[in-house]
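Residue numbers (the working numbering): 0 to 148.
Structure follows, in structure tokens:
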């Protein structure tokens, strides 16, 4: 309340018309404040509140990588699975923000991919043509997570 009176007092000093400032002070002094009102929680007030025992409905579901979700073990001999994570244009592995893999599975895929290249099961600079028509596990044009760089 003192802040309002101080503000009105300053305004009155700046105002050329003192008559309006006096009316404003009289109006402010007649207004009751929230501290004067007895706030009691009634049934009408509490029935609109959300139930605190419920989970947040706006929270995003935790993303689980597809290999962990189905319990798939990656092996360098499974060339068809490894080719799902390889770009058809460059032959390089997609990053984890595009594939949606977790950190551990991404490292396993990278390690097994290097092994498959070392044993000449996969070409190093392009994706094998016979795997181009396989169904996609993810869409490379729409990353599942934002780019970390």
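We treat Cβ as the ideally placed atom computed from N, Cα and C, and that holds for glycine.
{"query": "Whole alpha helix (DSSP H) elements within the segment 92-125, 4-residue minimum", "result": "95-98 and 102-117"}
{"query": "Residue 88: first and last residue of the uninterrupted alpha helix (DSSP H) it sits in", "result": "Counting along the chain, residue 88 falls outside any alpha helix (DSSP H), and DSSP gives it neither H nor E."}
{"query": "Start-to-end residues for the alpha helix (DSSP H) that takes in residue 68", "result": "65-69"}
{"query": "Start and end residues, alpha helix (DSSP H) containing residue 79", "result": "78-82"}
{"query": "Beta carbon of residue 97 nearer than 7 Å to that of residue 139", "result": "yes"}
{"query": "Simplified DSSP state of residue 129, which is helix, strand or coil", "result": "helix"}
{"query": "Test item: CB-CB of residue 111 and residue 57 under 7 Å", "result": "no"}
{"query": "Check whether residue 90 and residue 130 have beta carbons under 7 Å apart", "result": "no"}
{"query": "Residues near residue 145 by beta carbon distance below 8 Å, same chain, minus five either side", "result": "96"}
{"query": "Beta-carbon gap between residue 108 and residue 85 smaller than 7 Å", "result": "no"}
{"query": "Alpha-carbon spacing of residue 66 relative to residue 50, whole angstroms", "result": "36 Å"}
{"query": "Outcome for residue 53 when other beta-carbon atoms lying within 10 angstroms are tallied against a minimum of 16", "result": "exposed"}
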